[in-house]
Amino acid sequence: SQQGEEDPQALSIQEGENATMNCSYKTSINNLQWYRQNSGRGLVHLILIRSNEREKHSGRLRVTLDTSKKSSSLLITASRAADTASYFCATANTNAGKSTFGDGTTLTVKP
Amino acid sequence: EAGVVQSPRYKIIEKKQPVAFWCNPISGHNTLYWYLQNLGQGPELLIRYENEEAVDDSQLPKDRFSAERLKGVDSTLKIQPAELGDSAVYLCASSPGSADTQYFGPGTRLTVL
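Chains as they are written, first to last, in the numbering used here: chain A, 1 to 111; chain B, 1001 to 1113.
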């Protein structure tokens, strides 16, 4: 089973709206990463947030991390049709030396 | 800078046949990962290398899967013999070190008939 679990499994919005995806995890982490995967492609790294950070921004992306609740959220503002993809969170634990992926949120942005 | 290269991109074989996948990571990346991804699911780690050493292969079905990373650079993943349930996308990723940002290749889509 995967450590990170994204919610919701699927999200459909209109272009211009904001999209929020959540990730919950179970054990302690050193960092949490968000990736995007377009259909038929490999995963592309979006943003990494460390366990001592609470919020991070990159362009239209905003990621928050709440280690007390073991959860993270990814906000995409002013969504575009090109944002249509699957989004995965991956939790990384340095002691374990690896990252563990959830099953993703499939985002559909309608033009 | 070249990304992670994988080949082939697609492979169709009949069950019980052998198959091999190749991965060339980003230059200088010490950590290399092989993942299996089924449709609608996230990547599942098969094996992780730190340089040439396999440090996590607990999820690798060793009765039919094998992997190697020669000289700590390129890597190959082999399945012999392939089963119907092995149909999936096999992803290779590399990172400067473990728990760092991973850079993924495009994957190899395997279909076992």
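Glycine included, C-beta positions come from ideal geometry on N, C-alpha and C.
| Query | Result |
| --- | --- |
| Using the Cα positions of Glu-1052(B) and Lys-1071(B), report the straight-line distance between them to the nearest angstrom. | 6 Å |
| Is Arg-1064(B) near Val-1089(B), with beta carbons less than 7 Å apart? | no |
| Along chain B, in chain order, which residues have C-beta atoms closer than 9 Å to that of His-45(A)? | Thr-1101, Gln-1102, Tyr-1103 and Phe-1104 |
| Helix, strand or coil for Ala-90(A), going by three-state DSSP, please let me know. | strand |
| In chain A, which residues lie with their C-beta within 8 Å of the C-beta of Pro-1043(B)? | Leu-43, Phe-88 and Phe-101 |
| Buried or exposed: which applies to Asn-31(A), given that a residue is buried once 16 or more other Cβ atoms fall within 10 Å of its Cβ? | buried |
| Does the stretch 1083-1097 of chain B come within contact of the stretch 1026-1044 of chain B, defined as at least 3 CB pairs closer than 8 Å? | yes |
| Have a look at the DSSP bridge pairing and note the partners of Ser-12(A). | Thr-108(A) |
| Tell me whether Asp-103(A) sits in a helix, a strand or coil according to DSSP, three-state version. | coil |
| With a CB to CB cut of under 6 Å and the five nearest residues on each side skipped, what residues in its chain are close to Pro-1081(B)? | Lys-1016 |
| Please specify which runs of the beta strand (DSSP E), each continuous and at least 3 residues long, are wholly inside the stretch 1009-1083 of chain B, giving them in chain order. | 1010-1013, 1019-1024, 1031-1037, 1044-1050, 1053-1056, 1065-1069 and 1075-1079 |
| Count the other C-beta atoms from every protein chain shown that fall within 10 angstroms of the C-beta of Leu-1084(B), then say buried if there are 16 or more, exposed otherwise. | exposed |
| Taking only three categories from DSSP, how would you classify Asp-66(A)? | strand |
| I need the straight-line Cα distance from Gln-1102(B) to Gly-16(A), nearest angstrom please. | 30 Å |
| Is any beta-carbon of chain A found at less than 7 Å from that of Leu-1046(B)? | no |
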